[in-house]
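Just so we're aligned, residue 123 is where the sequence shown starts under the working numbering, counting upward by one.
Just below is one structure, and these are the notes that go with it.
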Amino acid sequence: MIIAQISDTHIALDIPDADRRATDLALSIADINALDPLPDVIVHTGDIVHNGRQDEYAQAAAILANARAPVYVLAGNKDNRTALRETFAADGYLAPNLDFIQYAIERYPVRLLALDTSSVGNKGDFCPERLRHLAGLVAAEATKPIVVFAHHPPFVVSEGPEPVHFESLEVMSELSTLLRRSGRIVAVCSGHVHRSVSSELEGIPAIVAPSIATALRYGSYPPHMQQKPVYYVHRFDPVRGFSTETRVAGDA
Numbered sequence: 123m124i125i126a127q128i129s130d131t132h133i134a135l136d137i138p139d140a141d142r143r144a145t146d147l148a149l150s151i152a153d154i155n156a157l158d159p160l161p162d163v164i165v166h167t168g169d170i171v172h173n174g175r176q177d178e179y180a181q182a183a184a185i186l187a188n189a190r191a192p193v194y195v196l197a198g199n200k201d202n203r204t205a206l207r208e209t210f211a212a213d214g215y216l217a218p219n220l221d222f223i224q225y226a227i228e229r230y231p232v233r234l235l236a237l238d239t240s241s242v243g244n245k246g247d248f249c250p251e252r253l254r255h256l257a258g259l260v261a262a263e264a265t266k267p268i269v270v271f272a273h274h275p276p277f278v279v280s281e282g283p284e285p286v287h288f289e290s291l292e293v294m295s296e297l298s299t300l301l302r303r304s305g306r307i308v309a310v311c312s313g314h315v316h317r318s319v320s321s322e323l324e325g326i327p328a329i330v331a332p333s334i335a336t337a338l339r340y341g342s343y344p345p346h347m348q349q350k351p352v353y354y355v356h357r358f359d360p361v362r363g364f365s366t367e368t369r370v371a372g373d374a
């Protein structure tokens, strides 16, 4: 299975680099569309827009609509759950009766679990209700491998100024423990940090995708990459396991 991951597009309308952010997202989608083979899915791991406004979501959705693969979205700390749900409701995978954006995609050889780690602040949270809901999602199917997606990384991040991106170590530990116990999770993919990070969660590959918005991206990049958005292509094979490729949008 092939999964393209994009993150932290921060689409906005009334800022000096608004056009650049939209262009970065459009370039990324065009690059994904040109991949051969085409990914099975595209997952956006949150902070789709910057201010949670409906008109920002309308612009983001119009660009994402050009994707040739199905797109699934998560809520980041900059997102507004109500506006996000309204914008992407027609796609049918967002449960209307939940207070949070959390779901499973079952139609592929690998199960995709999307977590809602958003809180009132910048850092992540995962309340007991979300923890119970996640436990139910994990237990609902007992054979397929699972890739988990979350906006905030539920593990210590080795690069950047902050190693912990949750409100408390206890909350992050509870979530991490649940993920480890299943025995079938093959990767945990997140965003939020705006830089590329590869780590492990008790032997599980733990990946942080950089910001698609190039002006907001952290880390050092060669000159030819500095003005180009970067995204990830994840692959899972039952024999070879999980792997991640870094893609530079616009590179041949």
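Here a beta-carbon is modelled for each residue, glycine too, at the ideal position from N, C-alpha and C.
By a beta-carbon distance limit of 8 Å, residue 273 contacts residue 240. Their separation comes to about 7 Å. Beta-carbon to beta-carbon, residue 330 and residue 315 are separated by about 5 Å, close enough to satisfy the 8 Å threshold. In this structure, residue 221 keeps its C-beta atom at 9 Å or more from the C-beta atom of residue 194. Distance from the CA of residue 208 to the CA of residue 235, rounded to the nearest whole angstrom, comes to 20 Å. In the structure shown, residue 320 adopts extended strand secondary structure according to DSSP, grouped into three states. In the three-state scheme derived from DSSP, where H, G and I count as helix and E and B as strand, residue 187 is classed as coil. The Cβ-Cβ distance between residue 189 and residue 155 falls below 9 Å.
Taking a 10 Å sphere around the C-beta of residue 126, we find 16 or more other C-beta atoms and assign the residue as buried. Within its own chain, the residues whose Cβ lies closer than 6 Å to the Cβ of residue 285, once the five positions on either side in sequence are excluded, are 278, 279, listed in chain order. The alpha-carbon of residue 267 is positioned some 6 Å away from that of residue 308. Inter-segment contact for the region 173-180 and the region 145-165 is absent: fewer than three beta-carbon pairs are separated by less than 8 Å. Looking at the backbone, the Cα of residue 363 and that of residue 134 are separated by about 38 Å. Residue 127 is bridged by DSSP to 165, 354. Excluding its 5 nearest sequence neighbours in each direction, residue 371 has C-beta neighbours in its own chain below 6 Å: 149, 150, 153, 350, 351, listed in chain order. Annotated three-state conformation of residue 283 is coil, per DSSP.
Note on geometry: alpha-carbon atoms of residue 246 and residue 291 lie some 11 Å from one another. DSSP, reduced to helix, strand and coil, places residue 359 within a strand of the structure shown. As DSSP reads the structure, residue 218 sits in no beta bridge. In this structure, the straight-line span from the alpha carbon of residue 227 to that of residue 165 is close to 11 Å.
In the DSSP assignment, residue 270 falls within the unbroken beta strand (DSSP E) covering 268-271. Residue state for residue 345 is assigned as helix, using DSSP reduced to three classes. Residue pairing for residue 311: DSSP places it in a beta bridge opposite 271, 329.
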